[in-house]
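>
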Amino acid sequence: MTVRVQREDFNAGTEIESLRLAAAGVGAVVSFVGQVRDVNDGANISMLTLEYYPGMTEKSLESIAEQAKRRWNILDTVIIHRYGELLPADQIVLVAVSGAHRKEAFAACEFIMDYLKTEAPFWKKEKTALGEHWVEARDSDDTARERWIADQ
Amino acid sequence: MTVRVQREDFNAGTEIESLRLAAAGVGAVVSFVGQVRDVNDGANISMLTLEYYPGMTEKSLESIAEQAKRRWNILDTVIIHRYGELLPADQIVLVAVSGAHRKEAFAACEFIMDYLKTEAPFWKKEKTALGEHWVEARDSDDTARERWIADQ
Amino acid sequence: MIKVLYFARLKESLSYSTEDIALPPGVTTIAGLMQHLAARGDAWSAIFTGKQVRAAINHTLVKNDAVIKDGDEVGFFPPVTGG
Amino acid sequence: MIKVLYFARLKESLSYSTEDIALPPGVTTIAGLMQHLAARGDAWSAIFTGKQVRAAINHTLVKNDAVIKDGDEVGFFPPVTGG
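Residue numbers (the working numbering), protein chains in the order written: chain A, 23 to 174; chain B, 23 to 174; chain C, 830 to 912; chain D, 830 to 912.
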């Protein structure tokens, strides 16, 4: 289980490859890469600043990965999330999950993203032509997470 | 929309990166990599031979990608599937989907894999200590596909 | 004439992958063609009366009541196992 | 003493991110601490009476009735927006 919160960029291909080759019996690696969009809610984004809570954020991500591991028959997980100043098309987050079979790897990867979005302490500030503002949490993210609770 | 059926290996990272950077408005890339497992149904695999139906296989994969595109608000898809002789830990298939938001990219990627498994003309022959045999289709793959029909 | 292609287990049983045949009189559907080929006996009989066989006409998966026309390419193969 | 940390919008409103304070008499929960801090007025009042604020004790997300002990690290922040 790998959790990294870092300023530096990451290479999704390298992480997928290392999950693929790390454990005997890996049949599938499902991954998610999130990047800074050039437009959000209709406004052009020129920069995104990501703040986090050192110590708590890593602990939160580890707890989410452990929940996924308990819930599905998966082999390993990688979560990398960046902080600091990011530009459009910069990568923000990688979640990758290896498993013997695809169904559980897909579910676990989506579960981790849905929980990360609603529980991991990160905050985004967007810069547009109108200035800077803190991004508001979305109800759709809460809905996405609640689905996993109903599912259980 | 990219579909490739090839003998050569592929680089998942390169494909994810090109989807990421290809279209304005990409916020998420979900990908699936399938590889040859060292054990299947309890037997050690020493080689996997993949056969396909030139012409029909490509057409089938394109049709699956188009169905995904009609069904979800996604931006682009890449499907690469190998044929020929493969060894344990060799990559078999990549499906990657870009979109503005994660939920639809996840659904489309899993949909494509479930349909590929049940509709795209590929056949696997496994080599074990007992010799070679053709892999039998799994009921669980049909079940996975039927879910999308009920969902519609 | 139609072109008939065999794949995977079917190809191995027959030791060949393709043949051009005249559409036999009275054969208008996949089911009819399968019956006609099975009547050759031996490996053909085994292929078409044993495990499940899928069929495609001109690269499209079809059911056994699908109609075959002169010039068509017909493919026969087992349930798929890719991915 | 407890350590109190502020993040994102809260940190910006206060122009600082951390303070060490003695746990005020009678304050035993997150709700009590929020009320105590809001009573400072101005930016503090705005933070704790306006938009939703989440709290963590020692790096674990908690509800407002969670109990604070001497030596705890308490974090206050808006709903999260990562990923």
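Ideal placement from N, C-alpha and C gives every residue a C-beta, glycine not left out.
(1) Return the residues of the stretch 46-70 of chain A that lie within a Cβ-Cβ distance of less than 9 angstroms from chain G, sorted by chain order.
(2) Pick helix, strand or coil for ASP60/A, following the three-state DSSP scheme.
(3) Let's see if you can read the secondary structure: which residues bound the alpha helix (DSSP H) around ASP112/A?
(4) So, does the stretch 70-89 of chain A touch the stretch 139-149 of chain A, judging by three or more C-beta pairs under 8 angstroms?
(5) Ends of the alpha helix (DSSP H) at MET863/C?
(6) Can you find a CB in chain A that lies within less than 8 angstroms of the CB of LEU890/D?
(7) Can you name the start and end residues of the alpha helix (DSSP H) that TRP170/B belongs to?
(8) Would a check of beta-carbon distances place GLU141/A closer than 8 angstroms to chain B?
(9) Identify which residue in SER53/B, GLY64/B and ALA44/B has its Cα closest to the Cα of LEU152/B.
(10) Following the continuous beta strand (DSSP E) through TRP873/D, name the residue where it begins and the one where it ends.
(11) Can you look up LEU152/A in the DSSP assignment and give me helix, strand or coil?
(12) So the alpha helix (DSSP H) ILE67/A belongs to, where does it begin and stop?
(13) Check whether the stretch 32-40 of chain B touches the stretch 68-78 of chain B, taking contact to mean three or more Cβ pairs, one atom from each stretch, closer than 8 angstroms.
(14) For VAL117/B and ILE897/D, what's the separation of their Cα atoms in angstroms?
(15) Starting from ASP136/B, follow the alpha helix (DSSP H) in both directions and report where the run begins and ends.
(16) Below 9 angstroms between beta carbons is the criterion; list the residues of the stretch 832-864 of chain C that meet it against any residue of chain B, in chain order.
(17) What residue range does the alpha helix (DSSP H) around GLU80/B cover?
(18) 8 angstroms is my cut-off, CB to CB: does PHE144/A come that close to chain D?
(19) With 8 angstroms as the threshold, decide whether the Cβ of VAL882/C is near any Cβ in chain B.
(20) Select from ASP163/A, ASP31/A and TRP156/A the residue whose C-alpha is nearest the C-alpha of PRO907/D.
(21) Taking the CB atoms as reference points, tell me whether ASN893/C and THR858/C lie closer together than 8 angstroms.
(22) In its own chain, which residues sit with a C-beta less than 8 angstroms from the C-beta of VAL55/B, not counting the 5 before and 5 after it?
(23) Is there contact between the stretch 122-132 of chain A and the stretch 40-50 of chain A, where contact requires at least three CB pairs shorter than 8 angstroms?
(24) Is it buried or exposed, ILE171/A, if we count other Cβ atoms within 10 angstroms and call 16 or more buried?
(25) Just confirm the distance between the C-beta atoms of ALA46/B and ASP98/B, as a whole number of angstroms; I'd bet it's less than 8 angstroms.
(26) Between GLY121/B and GLU902/C, what straight-line distance do the alpha-carbon atoms span, to the nearest angstrom?
(27) Cutting at 6 angstroms between CB atoms, please list the residues of its own chain near GLU154/B, excluding the five before and the five after it.
(28) Let me confirm a value: LEU839/D is counted as buried when at least 16 other C-beta atoms fall within 10 Å, else exposed. Which label applies?
(29) Rounded to the nearest angstrom, how far is the Cβ of ALA111/B from that of GLN57/B, given a contact under 8 angstroms?
(30) For LEU13/B, which option in THR71/B, TYR137/B and VAL100/B has the closest C-alpha, if you only look at C-alpha atoms?
(31) Determine the chain D residues that contact GLU84/A at a beta-carbon separation under 7 angstroms, and present them in chain order.
(32) Examine chain C for any beta-carbon lying closer than 8 angstroms to the beta-carbon of MET23/B, and answer yes or no.
(33) Spatial neighbours of MET135/A within its chain, please: CB distance less than 6 angstroms, with the 5 preceding and 5 following residues excluded, ordered by chain position.
(34) Return helix, strand or coil for LYS147/B, following the three-state DSSP convention.
(35) GLU158/B: which of ALA885/C, GLN881/C and GLY900/C sits nearest, CA to CA?
(36) Should ASP173/B go down as buried or exposed, given a rule of 16 or more other Cβ atoms within 10 Å for buried?
On the basis of the data shown:
(1) The displayed structure is made up of protein chains A, B, C and D, and chain G is not among them.
(2) In the first sequence, counting from the first residue as 1, residue 60/A sits at position 38. Three-state result, ASP60/A: coil.
(3) For the purposes of this step, residue 112/A is taken as the residue at position 90 of the first sequence. That residue, ASP112/A, is in no alpha helix (DSSP H); it is neither H nor E in DSSP.
(4) yes
(5) Counting from one through the third sequence, the residue named residue 863/C turns up at place 34. Note, MET863/C: alpha helix (DSSP H), 859-867.
(6) Working through the fourth sequence from its first residue, we reach residue 890/D at position 61. So, interface residue.
(7) Sequence index remark: in the second sequence, residue 170/B carries index 148 (1-based). Segment 161-173, the alpha helix (DSSP H) holding TRP170/B.
(8) Reading the first sequence from its first residue, position 119 is the one you call residue 141/A. Judged by the 8 angstroms Cβ criterion, GLU141/A is not in contact with chain B.
(9) Taking the second sequence and counting its residues from 1, one reaches residue 152/B at position 130. Taking only the C-alpha atoms, the option nearest LEU152/B is GLY64/B.
(10) Reading the fourth sequence from its first residue, position 44 is the one you call residue 873/D. Here TRP873/D belongs to no beta strand (DSSP E); instead the alpha helix (DSSP H) covers 871-878.
(11) Along the first sequence, read from residue 1 onward, the residue named residue 152/A stands at position 130. Three-state DSSP puts LEU152/A in coil, outside helix and strand.
(12) One-based indexing of the first sequence puts residue 67/A at position 45. Run containing ILE67/A: none; DSSP gives neither H nor E here.
(13) no
(14) In the second sequence, counting from the first residue as 1, residue 117/B sits at position 95. In the fourth sequence, counting from the first residue as 1, residue 897/D sits at position 68. C-alpha separation (whole angstroms): 49 angstroms.
(15) In the second sequence, residue 136/B corresponds to position 114, counting from 1. Unbroken alpha helix (DSSP H) run through ASP136/B: 124-141.
(16) LEU834, PHE836, ALA837, ARG838, LYS840 and GLU841
(17) Taking the second sequence and counting its residues from 1, one reaches residue 80/B at position 58. Residues 78-93.
(18) Translated into the one-based positions of the first sequence, residue 144/A becomes position 122. So, interface residue.
(19) Walking along the third sequence from the start, residue 882/C turns up at place 53. No, no contact with chain B.
(20) Your numbering for residue 907/D matches position 78 in the fourth sequence. Ranking ASP163/A, ASP31/A and TRP156/A by Cα distance to PRO907/D puts TRP156/A first.
(21) Your numbering for residue 893/C matches position 64 in the third sequence. Your numbering for residue 858/C matches position 29 in the third sequence. Result yes, Cβ atoms of ASN893/C and THR858/C sit closer than 8 angstroms.
(22) Within the second sequence, residue 55/B is the residue found at index 33, counting from 1. Around VAL55/B: ALA34, GLN113, VAL115 and LEU116.
(23) yes
(24) Along the first sequence, one-based indexing puts residue 171/A at 149. The residue in question, ILE171/A, is exposed, as its Cβ has fewer than 16 Cβ neighbours within 10 Å.
(25) Locating residue 46/B in the second sequence gives position 24, counting from the first residue. Locating residue 98/B in the second sequence gives position 76, counting from the first residue. Not really, about 12 angstroms apart at Cβ, beyond 8 angstroms.
(26) Here residue 121/B corresponds to residue number 99 of the second sequence, with the count starting at 1. Here residue 902/C corresponds to residue number 73 of the third sequence, with the count starting at 1. Each residue's alpha carbon lies about 37 angstroms from the other.
(27) Here the question's residue 154/B lines up with position 132 in the second sequence. The residues are LYS147.
(28) For the purposes of this step, residue 839/D is identified with residue 10 of the fourth sequence, where counting begins at 1. Label assigned to LEU839/D: buried.
(29) To locate residue 111/B, count along the second sequence from 1; it is residue 89. To locate residue 57/B, count along the second sequence from 1; it is residue 35. With a Cβ gap of about 6 angstroms, ALA111/B and GLN57/B count as contacting.
(30) Only positions 23 to 174 of chain B appear in the structure, and residue 13/B is not among them; the question remains open.
(31) Counting from 1 along the first sequence, the entry for residue 84/A is found at position 62. Residues of chain D passing the Cβ test: none, with the nearest at roughly 11 angstroms.
(32) Within the second sequence, residue 23/B is the residue found at index 1, counting from 1. So, not an interface residue.
(33) Here the question's residue 135/A lines up with position 113 in the first sequence. Hits under 6 angstroms: PHE54 and VAL117.
(34) The sequence position of residue 147/B within the second sequence is 125, counting from 1. Here LYS147/B sits in strand by DSSP.
(35) In the second sequence, the residue the question calls residue 158/B occupies position 136. Among ALA885/C, GLN881/C and GLY900/C, the Cα nearest to that of GLU158/B is on GLN881/C.
(36) The residue you call residue 173/B lines up with position 151 of the second sequence. With fewer than 16 Cβ atoms within 10 Å of its Cβ, ASP173/B is classed as exposed.
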